[in-house]
Every structure is written in C-alpha cells, then in structure tokens.
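Taking it in order: structure first as structure tokens, then the write-up.
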Amino acid sequence: MIFTCEMYHPNIYPDGRVCISILHPPGDDPMGYETSAERWSPVQSIEKILLS
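So for the sequence shown, full-length UniProt numbering puts the first residue at 1; every next one is plus one.
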C-alpha cells in the first residue's frame with residue numbers, strides 16, 4: 001500500500017509507503033531498526049498482526 005497524498009504519520013514513510021514492521025518480509029532489516037521477531041514469519045497469528 002502506498003499513499004499518494006502527503007501526510008505526516010509515524011508509520012508512513014515520506015514516499016508514502018506503509019511502515020509496519022509485522023508486514024515487512026523476513027530477513028535482516030537494512031536500516032537496523034527492527035529485530036527478526038518484529039518482522040513477518042509464517043507463525044504470526046491474526047491476533048498479533050491486528051494488534052501490531
């Protein structure tokens with residue numbers, strides 16, 4: 001998901017991309033801000049995704 005209009009929100013990057021760690025692909029974070037436990041894995045429950 002990408003927002004096309006300008007907005008100021010802690011979970012929206014300046015280019016409009018959504019920044020929600022649980023939705024990011026598995027693997028190392030190139031920015032170094034997230035641990036692997038905060039990123040997507042197949043064992044994440046619906047509850048955990050909705051609460052993130």
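Each residue gets a CB set at the ideal place from its N, CA and C atoms; glycine is no exception. Here the structure is a predicted model, which is why all the values come from computation and not from measurement.
With a threshold of 7 Å on Cβ separation, who are the neighbours of glycine 16 within its own chain once the five nearest residues in sequence on each side are excluded?
Ile2, Phe3 and Thr4, listed in sequence order.
List in chain order: all unbroken alpha helix (DSSP H) runs of 4+ residues lying wholly within the UniProt domain "UBC core" (1–52).
46–51
Just to confirm, is the Cβ distance from proline 26 to serine 41 under 9 Å?
For proline 26 and serine 41, yes; Cβs fall inside 9 Å.
Taking a contact to mean a Cβ-Cβ separation below 9 Å, would you say serine 21 touches glutamate 47 in this structure?
Serine 21 places its beta carbon 9 Å or farther from that of glutamate 47.
If you drop the 5 nearest sequence neighbours on each side, which residues of the same chain put their C-beta closer than 6 Å to that of tyrosine 13?
Cys19
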